[in-house]
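Residues 21 to 351 (my numbering) are what the sequence shown spells out, left to right.
Backbone N, C-alpha and C fix where the C-beta goes; we use that ideal spot for every residue, glycine too.
A quick write-up on the structure given underneath.
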Amino acid sequence: MYWLPSYYRVIRSKMDISASLINTFSSLVAYLTVFHIIFVFFIWTYWMSIFTPPLQPDKKFHMSYADKERYENEERPEGQRQILVEMARKLPVCTRTGNGAIRFCDRCQLIKPDRCHHCSVCAVCVLKMDHHCPWVNNCIGFSNYKFFLLFLAYSLLYCTFIAMTVFKYFIKFWTVNLQIKDTFHVLFLLFVAVMFLVSLLFLFGYHCWLISQNRSTLEAFSAPVFSSGPDKNGFNLGFARNLQQVFGEEKRLWLFPVKSRAHSWPLGECTHDMLSKCCRCPLAQMASLCSSTSFSQAWTLVTVLTHTHTAVWFIEGFTDVPQQFPSSVLK
């Protein structure tokens, strides 16, 4: 909760310093205006990161009652694996475990979609899970990764702005020997701002690199495994399209913590080509077409595939959801 005391100290210190150092009222107004704009975006993104629930897999990935009975009654590991293989044939699942088996969550009793992982803290499976963040007490994944990244960006900007505007007064304390009653507030504020600035710089830079490669934190430590083998660049679509997967297609909304247009995570071209040669995966068959066509054409393709029970498309359905999209796919 660094933001609450920092807000008080910034306002109080600036008002006290302004009486001694700032000659024009317009300079103070300009400073406070810029500060409050950054502060509002900082709090907004923090709020969205906390209160946006992680998106869970669709019910189609859960075991039916009949499949669950078959799975529990089957004592042979080979038989259980075969049951999972039969279930996965109806789903757009391309990733596997390290030994090539279907990824299955025993706790949630579901087949894990691609990039989905179980969070032991939240006790649920999270789509495109990145990590569980203790600072926001929430799982960071498909539904709120954009908000988390913007939170890091505006936190970094917030600390940078405070450090830059307070540093010149910190220098004057030692060179001019200014007598300001809130000296402690200024010194403490600068120390905390610089400390968080350095930490956020490394964390934000790391996540920017992850976005450029279209990887999650979990995938950076352990590459996703396909039927063709591990591939750390399995979901890399190129820098521009990687950004669109996180921030959406409407660039005017990129800097705002609002929910963007629905997206999936098609495979990279190299991974798609390898999978097409060694397996018949519904997602692999449609990935290249969806990534090379317009958004409306992709919706039409997905609608046809869904009606024929060939594939299920992951969407958030926040904006611009076509009316013809089957409601059965939505949670």
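I need the straight-line Cα distance from residue i to residue j, nearest angstrom please.
i	j	result
Trp155	Ile70	9 Å
Asp251	Met184	43 Å
Asn262	Phe168	16 Å
Val49	Phe216	26 Å
Thr180	Arg96	59 Å
Ile182	Tyr51	10 Å
Val54	Ser175	14 Å
Val141	Pro74	12 Å
Leu273	Arg235	22 Å
Asp126	Ala143	12 Å
Arg101	Asn119	12 Å
Thr117	Phe276	37 Å
Ala213	Glu98	57 Å
Val60	Leu220	18 Å
Leu177	Leu230	20 Å
Phe241	Trp194	46 Å
His152	Cys159	4 Å
His227	His56	26 Å
Val113	Val278	29 Å
Leu207	Ser47	22 Å
Asn256	Arg109	24 Å
Phe211	Phe222	18 Å
Val218	Tyr85	52 Å
Residues in the same chain with beta-carbon distance under 7 Å from residue i, minus the five sequence neighbours each way, listed in chain order, please.
i	result
Asn93	none
Phe81	Leu111, Leu130, Ile131, Pro133
Thr115	Arg123, Asp134, Pro244, Val245, Phe246
Ser232	Phe259, Asn262
Gly161	Pro74, Leu75, Val146, Leu147, Lys148, Met149, Asp150
Thr72	Ser163, Asn164, Phe167
Ala173	Phe224
Ile58	Tyr174, Leu177, Tyr178, Phe181
Val105	Ile122
Arg90	Ile103
Cys139	Val146, Met149, His152, Cys159
Phe45	none
Enumerate in chain order the residues of its own chain whose CB-to-CB distance from residue i is below 6 Å, with the five nearest sequence positions on each side excluded.
i	result
Phe171	Thr65, Tyr66, Ser69
Gly225	none
Cys128	Cys145
Going along the chain, which residues of its own chain have a beta-carbon closer than 8 Å to the beta-carbon of residue i, five neighbours each way excluded?
i	result
Ala137	Sequence check: residue 137 is His here, not Ala. So the list reads Cys145, Val146, Met149, Leu238, once near-sequence residues are dropped.
Met107	Met83, Asp87, Ile122, Ile131
Asn157	Ile70
In the DSSP output, what is residue i paired with across the bridge?
i	result
Arg272	Per DSSP, none; premise fails for Arg272.
Phe124	Ile131
Ile182	For Ile182, which the question treats as bridged, DSSP gives no partner whatsoever.
Asn158	Cys153
Arg96	Answer is none; Arg96 lacks a bridge partner.
Val245	Arg116, Pro250
Cys228	DSSP lists no partner for Cys228.
His82	Leu130
Can you tell me where the alpha helix (DSSP H) with residue i in it begins and where it stops?
i	result
Val49	45–71
Gln265	259–267
Could you please give the first and the last residue of the uninterrupted beta strand (DSSP E) stretch that includes residue i?
i	result
Val146	144–146
His138	137–139
Between residue i and chain C, is any beta-carbon pair separated by less than 9 Å?
i	result
Ala183	Here there is only one protein chain, and chain C is not present.
Quick check: the stretch 185–196 against the stretch 71–80, are there 3 or more CB pairs under 8 Å? no
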